Amino acid sequence: MINGPETSSPALLPMGFVDLLPAEAEAEARGLAEVMEVFSCHGYERVRPPLLEFEGSLLSGAGEALAEQSFRLLDPASHRMMALRPDMTTQIARIAAVRMQDCPRPLRLSYAGDCVVIGTPGREGQRQIAQAGIELIGPDKAEADAEVIALGAEALARLGIANVSFDLSMPVMVWSLIDGSFSGIERESIIHALDRRDAAAVREYGGAWAELLLGMMEAVGPAASALEKLEKLDFPAMLKPHVARLRADVAAILARLPGARLTVDPVDFRGWRYHTGVCVTVFAMHSREELGRGGRYLAGDEPACGLTLNPQAFLRVAAKPKRRKRCLVPSVMVQKDLSSLHEAGYATIASLGVSGEMEQEAHHLRCSHIWKDGKPVALAR
366 MINGPETSSP ALLPMGFVDL LPAEAEAEAR GLAEVMEVFS CHGYERVRPP LLEFEGSLLS
426 GAGEALAEQS FRLLDPASHR MMALRPDMTT QIARIAAVRM QDCPRPLRLS YAGDCVVIGT
486 PGREGQRQIA QAGIELIGPD KAEADAEVIA LGAEALARLG IANVSFDLSM PVMVWSLIDG
546 SFSGIERESI IHALDRRDAA AVREYGGAWA ELLLGMMEAV GPAASALEKL EKLDFPAMLK
606 PHVARLRADV AAILARLPGA RLTVDPVDFR GWRYHTGVCV TVFAMHSREE LGRGGRYLAG
666 DEPACGLTLN PQAFLRVAAK PKRRKRCLVP SVMVQKDLSS LHEAGYATIA SLGVSGEMEQ
726 EAHHLRCSHI WKDGKPVALA R
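Laid out in structure tokens, this is it:
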């Protein structure tokens with residue numbers, strides 16, 4: 366914490382915001398390009414919603430779930446409140462419903478950009494978060510859910526990320542029980558108990574649904590065994606379609622990705638409250654960090670399913686990109702020679718004669734090669 370007058374140090378940034386220096390920024394740009402190319406190859410067309418929207422637009426409908434994580438500011442031109450987006454999914458839903466309402470369905474859209482979240486007080490972490498994702502709008506089918514997950518797997522594989530796990534949940538099941546049967550302090554108690562996976566507290570506060578919730582807590586693990594345990598539970602009529610859809614989603618995903626690592630957690634209700642069906646969280650087996658998250662929701666009145674990947678997370682486990690070789694070249698050079706170097710993977714650094722000798726300048730500018738006698742020559746280390 367900073368006491369006294371605010372400092373003017375140029376190194377001081379707000380909590381949760383960081384600079385990306387050349388190697389990191391280059392890796393992020395390349396990684397995003399690879400991911401977006403995968404999406405494009407499967408017919409997902411890229412859109413770019415604005416970073417800021419009027420509060421009444423961004424935080425209405427499904428966007429109400431984003432309100433607590435949204436920074437707000439006053440527009441000096443219109444004198445209306447605006448909000449910085451904490452997530453892009455609801456913006457894609459708006460574009461689909463308003464700007465692209467006449468486009469044929471299914472509508473396949475992709476996006477990449479930064480979001481800003483308030484964070485948890487005292488544990489803000491990163492507050493500027495990059496996102497790259499896809500939304501499949503129109504069909505409400507298990508095959509659509511499977512397509513979105515399969516493309517996420519392909520994008521991560523393109524980056525050299527192996528042993529990916531997809532953790533499936535159905536938060537609408539838990540929220541249907543909570544919203545329909547609990548209120549006041551009882552509601553807060555059962556939410557807290559489920560969040561902590563406290564079986565004793567769930568038995569104490571679960572009321573008529575205690576045994577069902579405890580059974581759902583037991584049905585956690587690899588998809589096959591979890592579904593087998595769910596089959597033995599006595600679900601009310603309002604939840605049976607969700608259980609059936611979860612079973613259909615698992616089958617559809619395995620049809621697209623035979624051998625995929627799938628787990629099921631029926632009492633996981635994290636994430637945005639706008640999700641209406643299956644949700645997925647993506648992990649790499651050698652990392653605890655979430656690589657992405659998505660699920661089924663309503664884009665206006667239309668069913669939709671999407672997946673958002675977190676570049677800052679997946680790049681930490683992706684294969685490290687090779688750094689370009691740097692070649693110092695004369696400030697005036699034949700374009701054909703420059704092009705040949707670029708095609709060979711070199712970054713060309715034009716000499717400005719700062720150090721007197723090109724070789725000395727090349728070392729000074731961290732070059733690995735120097736242009737000499739019509740070809741790149743490796744510098745002695």
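Residues 366 to 746 in this note's numbering are what the sequence shown lists, from first letter to last.
A virtual CB, placed ideally from N, CA and C, is assigned to each residue, including glycine.
These figures come from a predicted structure and were not determined experimentally.
Could you give the DSSP three-state label for residue i: helix, strand or coil?
i	result
Y409	coil
A664	strand
D544	helix
S716	coil
R450	coil
P741	strand
L672	strand
M366	Residue confidence for M366 is low, a pLDDT of 45 falling below 50, so the modelled location carries little weight; the figure read from the coordinates is stated next. Coil at M366, not helix or strand.
L577	helix
G426	helix
D702	helix
K687	coil
I526	coil
H444	coil
A376	coil
P601	coil
R681	helix
G624	coil
R459	helix
F382	coil
A709	coil
F634	coil
Taking residue i as part of the alpha helix (DSSP H), name the residues at either end of that continuous run.
i	result
E512	507 to 523
F648	Where F648 is concerned, there is no enclosing alpha helix (DSSP H), although the beta strand (DSSP E) it sits in stretches over 640 to 649.
E569	564 to 570
R746	First-last for R746: undefined, no H or E at that position.
I556	549 to 561
A617	605 to 621
Can you give me the C-alpha to C-alpha distance between residue i and residue j, rounded to a whole angstrom?
i	j	result
L559	V632	7 Å
A617	N528	20 Å
R413	I526	27 Å
V536	S475	Strictly speaking, residue 536 in this sequence is Pro, with Val absent from that position. In a straight line, the C-alpha of P536 is about 24 Å away from that of S475.
V482	R562	27 Å
S554	A392	44 Å
L501	A727	50 Å
P735	D702	Note that residue 735 corresponds to Ile in the displayed sequence, not to Pro. Approximately 13 Å between the Cα atoms of the pair.
R689	A522	22 Å
K687	R395	11 Å
E569	R552	12 Å
A564	S541	19 Å
A684	S443	47 Å
S696	L386	26 Å
A566	I543	15 Å
P441	P379	23 Å
R621	A511	7 Å
L524	E402	12 Å
G408	V513	12 Å
L611	I714	55 Å
A390	V383	11 Å
S716	A709	20 Å
R464	L663	16 Å
G478	E722	43 Å
R681	E655	11 Å
F634	A398	32 Å
In the DSSP output, what is residue i paired with across the bridge?
i	result
V768	The structure shown does not extend to residue 768, since the chain spans only 366 to 746, so no value can be given for it.
E655	F648
S475	R411, I499
L693	I714, I735
E726	Paired residue(s): none; E726 is not in a bridge.
V481	Q493
L417	L449
By the DSSP assignment, the beta strand (DSSP E) with residue i in it spans what residues?
i	result
G498	493 to 502
K737	734 to 737
R437	437 to 439
Quick check: is any heavy atom of the ligand GDP less than 6 Å from the C-beta of residue i?
i	result
I502	In the structure shown, the ligand GDP is absent, as is every other ligand, since no ligand is present at all.
If I'm right that residue i touches residue j with Cβ under 8 Å, what's the distance once you round it to whole angstroms?
i	j	result
L674	A520	7 Å
L592	V629	7 Å
L619	V608	At roughly 17 Å, the Cβ-Cβ gap does not stay under 8 Å, so L619 and V608 are not in contact.
A448	E418	6 Å
Q677	A495	6 Å
L516	F404	6 Å
R759	T646	Because the chain is modelled from 366 through 746, residue 759 falls outside the range shown and cannot be assessed.
Y639	T455	7 Å
R492	G498	Their Cβ separation, rounded to whole angstroms, is 19 Å, which puts R492 and G498 out of contact at 8 Å.
Quick check: is the beta carbon of residue i nearer than 7 Å to any beta carbon in chain B?
i	result
R473	In the displayed structure, chain B is absent; only one protein chain is listed.
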